[in-house]
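Undergrad: Pasting in a structure now, in structure tokens, and then I'll have a few things to ask.
Residue numbers (our numbering), protein chains in the order written: chain A, 405 to 558; chain B, 405 to 558; chain C, 405 to 558.
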């Protein structure tokens with residue numbers, strides 16, 4: 405007899421919702437917190453313990469992992485990928501204490517296709533489409549490229 | 405009582421279809437135009453007023469936004485992300501008149517994971533996988549990298 | 405009368421499953437092979453003849469195409485895109501004999517948002533988030549950037 409896998413369904417479960425949130429399904433959201441009047445587009449995954457603030461937009465195809473905090477009034481473009489594991493042992497860790505935090509300050513805009521390593525990002529930054537952010541961004545500015553570098557003031 | 409979000413479903417609504425189009429669901433397509441004999445893969449979003457020509461393939465996970473026109477005989481790889489907002493005021497604009505157009509000439513091929521800023525791309529270009537196109541590409545050629553640079557003739 | 409497209413549904417069909425596999429739907433998997441105890445996240449597409457080994461994780465939004473072999477104990481992050489067509493004629497080929505193979509050695513970890521051209525990757529590599537791998541990686545190491553370059557030993 406042939407093997408059969410366990411099939412799970414993407415789900416929206418145990419989310420702490422603010423008021424007036426809109427969500428486009430299908431998406432996979434679990435044990436996370438979404439602030440007032442925020443929007444979550446289709447094909448999005450948001451993991452346990454991630455926090456999205458108020459008045460944020462998280463566009464289609466984005467992935468927000470555990471240990472990410474996005475403050476209020478942020479825009480997360482399409483296909484933005486956060487990370488929390490720098491593979492310190494040369495492979496992924498499944499121990500949450502090995503994962504690192506990411507913090508995105510209020511009013512920051514992240515362009516589509518950006519990848520965000522575990523870093524702190526100042527408020528009021530603009531991160532260009534396709535950028536790969538590998539270090540803390542300590543002041544407002546426009547950052548682009550792989551690895552992302554400061555291009556100019558906002 | 406806990407808050408509950410508005411749940412919307414990804415949808416296929418008010419699309420101007422050519423003849424012989426194939427679409428793999430789930431995808432989120434609205435108020436756009438898809439030309440004859442084109443193919444749209446799964447997990448694709450195409451926004452209002454975007455135009456895809458005839459005999460095109462738009463592969464899985466791609467996002468085509470408002471104000472993008474893709475001419476005939478183009479190939480849009482997997483996870484290709486278009487943009488229309490350069491965040492001129494340091495944040496996204498929700499006024500369509502602030503958004504910029506993208507035009508992809510006929511017979512152009514865009515590799516998987518490419519990100520396209522609002523530009524004009526010549527016909528018969530090849531854009532490498534993972535490229536970030538930040539400027540107009542005024543003649544046919546192979547373009548790669550972040551930012552994309554001309555590598556050679558096709 | 406208006407045209408109507410052919411609607412297909414993303415599907416899980418004719419997969420050769422190992423024992424103890426978990427799959428999160430929706431995803432689009434067809435005529436591929438998934439090894440024992442591997443995990444496939446949501447919004448994943450895996451094409452005909454692709455092979456994923458045992459004890460692998462393929463995270464959300466990834467795309468694994470025909471002619472890709474991933475050996476045992478590999479981690480494929482979120483939004484990782486494989487390719488098999490280098491557009492040699494300046495456009496995609498629909499003849500499988502024109503496509504090239506990719507081979508990922510056992511114990512290799514590929515970070516989120518990486519794009520993989522058709523190459524051979526050694527066992528026990530770490531590929532950074534957002535990297536674009538354009539050449540064979542012949543020995544273990546940490547590789548980052550676009551194009552990916554060797555950063556250090558694992």
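By construction, the Cβ of each residue, glycine as well, lies at the ideal position given by its N, Cα and C atoms.
Remember, it's a predicted structure, so these values are computed and weren't measured experimentally.
Counting only beta-carbon separations shorter than 8 angstroms, does residue 414/B have a partner in chain A?
TA: At least one chain A Cβ lies under 8 angstroms of residue 414/B.
Undergrad: Mind listing the chain C neighbours of residue 443/A? Cutoff is C-beta to C-beta under 9 angstroms, in chain order.
TA: Result: empty, since nearest Cβ-Cβ is about 19 angstroms, beyond 9 angstroms.
Undergrad: Inspect the beta-carbon positions of residue 439/C and residue 476/C and report whether they are closer than 8 angstroms.
TA: Their beta carbons are under 8 angstroms apart, which means residue 439/C touches residue 476/C by this criterion.
Undergrad: Measure the C-alpha to C-alpha separation of residue 552/B and residue 465/A and round it to an integer number of angstroms.
TA: Those two C-alpha atoms are separated by around 23 angstroms.
Undergrad: Please list the terminal residues of the continuous beta strand (DSSP E) segment that includes residue 432/A.
TA: Residue 432/A -> beta strand (DSSP E) spans 432-434.
Undergrad: Taking 6 angstroms as the limit between beta carbons, can you name the residues of its chain near residue 519/B, skipping five residues before and five after?
TA: Here the set comprises 485 and 536.
Undergrad: Just by C-beta distance, which residues in the segment 477-507 of chain B are closer than 7 angstroms to chain C?
TA: Cβ contacts with chain C: 479, 482 and 483.
Undergrad: Any heavy atom of the ligand GDP closer than 7 angstroms to the CB of residue 545/C?
TA: In the structure shown, the ligand GDP is absent, as is every other ligand, since no ligand is present at all.
Undergrad: Grab the span of the beta strand (DSSP E) containing residue 555/C for me, first residue to last.
TA: Unbroken beta strand (DSSP E) run through residue 555/C: 553-556.
Undergrad: What are the boundary residues of the beta strand (DSSP E) that includes residue 547/C?
TA: Taken as a continuous stretch (DSSP letters only), the beta strand (DSSP E) holding residue 547/C covers 546-548.
Undergrad: Looking only at C-alpha atoms, which of 463/A, 447/A, 526/A and 457/A sits nearest to residue 429/A?
TA: Nearest C-alpha to residue 429/A: 447/A.
Undergrad: Based on the DSSP output, what are the partners of residue 524/A in its beta bridges?
TA: BP columns for residue 524/A point to 507/A.
Undergrad: Is the CB-CB distance between residue 437/C and residue 456/C below 8 angstroms?
TA: Cβ distance < 8 angstroms, so residue 437/C and residue 456/C count as in contact.
Undergrad: When the Cα atoms are used, what is the spatial distance from residue 538/C to residue 409/B?
TA: Distance between the alpha carbons of residue 538/C and residue 409/B is about 43 angstroms.
Undergrad: Compute the Euclidean distance between the alpha carbons of residue 458/B and residue 548/C, then round it to the nearest angstrom.
TA: The straight-line gap from Cα to Cα measures roughly 38 angstroms.
Undergrad: Can you name the start and end residues of the beta strand (DSSP E) that residue 538/A belongs to?
TA: Run containing residue 538/A: none; DSSP gives neither H nor E here.
Undergrad: Quick one: which chain C residues come within Cβ less than 9 angstroms of residue 463/A?
TA: By Cβ distance, chain C contributes nothing, its closest Cβ being about 13 angstroms from residue 463/A, past 9 angstroms.
Undergrad: For a contact defined as C-beta to C-beta under 9 angstroms, what are the partners of residue 521/C on chain B?
TA: Residues of chain B passing the Cβ test: 515, 532, 533 and 534.
Undergrad: Less than 8 angstroms between CB atoms is the rule here; does residue 435/B satisfy it with respect to chain C?
TA: No, residue 435/B lies away from the interface with chain C (no Cβ there is under 8 angstroms from its Cβ).
Undergrad: Grab me the residues of residue 522/A's own chain with a C-beta within less than 7 angstroms of its C-beta, minus the 5 sequence neighbours each way, in chain order.
TA: For residue 522/A, where only same-chain residues beyond five positions count, the Cβ hits under 7 angstroms are 487, 488, 490, 504, 505 and 506.
Undergrad: Report back the beta-carbon spacing between residue 480/A and residue 514/A to the nearest angstrom; my notes put them in contact at under 8 angstroms.
TA: That belief holds up - the Cβ atoms of residue 480/A and residue 514/A are roughly 5 angstroms apart, short of 8 angstroms.
Undergrad: Taking all protein chains shown into account, decide if residue 411/B is buried (16 or more other Cβ within 10 angstroms of its Cβ) or exposed.
TA: Label assigned to residue 411/B: exposed.
Undergrad: Going along the segment 445-458 of chain A in order, which residues come within less than 9 angstroms of chain B, judged by CB to CB distance?
TA: The segment 445-458 of chain A vs chain B, Cβ under 9 angstroms: 445, 446 and 447.
Undergrad: Mind checking residue 406/A: buried by the 16 CB within 10 Å criterion, or exposed?
TA: Residue 406/A should be labelled exposed.
Undergrad: Residue 544/C: which of 517/C, 512/C and 533/C sits nearest, CA to CA?
TA: The option with the nearest alpha carbon to residue 544/C is 512/C.
Undergrad: What residue range is occupied by the uninterrupted beta strand (DSSP E) comprising residue 473/C?
TA: Element bounds for residue 473/C: 472-474.
Undergrad: Skipping 5 residues on each side, what residues in its chain have a beta carbon closer than 6 angstroms to that of residue 427/A?
TA: These residues qualify, in order along the chain: 444.
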